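Residue numbers (this note's numbering): 221 to 344.
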Amino acid sequence: KEALAKAERDKTEALQKAEEGLNEKEEALHQMLKEKEEAISSLQKHVDHSRKVAADEKRSLIEKHEEEISRRELQLQSLKVTHEEEMEKLKHSTEQQKMESIRVEVLRREEEMKNELLNKMKKY
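Below, the structure written as structure tokens:
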């Protein structure tokens with residue numbers, strides 16, 4: 221009887237130790253699960269932040285490119301206007317040169333005609 225009672229106590233004690241061991245393992249598993257969930261959450265926050273930073277940088281780069289394009293379009297427009305003004309000046313200058321050339325030619329011919337007249341008058 222005593223041996224049976226001791227065996228029963230030993231069995232109960234072994235079961236309690238096994239249950240305690242299982243409880244410890246379950247707690248350890250719960251702790252590992254909690255740590256992994258925290259790590260996942262931290263990584264997700266990092267990913268979200270990285271995406272936001274990348275989106276901000278992309279937006280900033282796009283804005284800079286758009287500003288550069290606008291600046292260059294204004295430069296181009298200014299160059300076109302300047303070119304048109306220069307062409308107009310050149311056209312005007314060319315017209316003036318033509319008129320001056322004609323005036324000089326007319327004066328030269330007048331001088332020639334005067335000289336011819338003077339020569340004719342000298343003969344008579």
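Glycine included, every Cβ here is placed at the ideal spot set by N, Cα and C. What you are looking at is a predicted structure, and each value in this text was computed from that prediction instead of being measured.
- When rounded, the separation of the alpha-carbon atoms in L281 and E287 is 10 Å.
- DSSP, reduced to helix, strand and coil, places K221 outside both helices and strands of the structure shown, so it counts as coil.
- Residues of the same chain with their beta carbon placed closer than 7 Å to that of K340 are lacking, with the five preceding and five following residues left out of the count.
- Within the stretch 264-338, no run of beta strand (DSSP E) at least 3 residues long lies entirely inside it.
- Taken atom to atom, the span from the alpha-carbon of T232 to that of M252 is near 30 Å.
- Inter-residue distance for K221 and A238 is about 25 Å (C-alpha atoms, whole angstroms).
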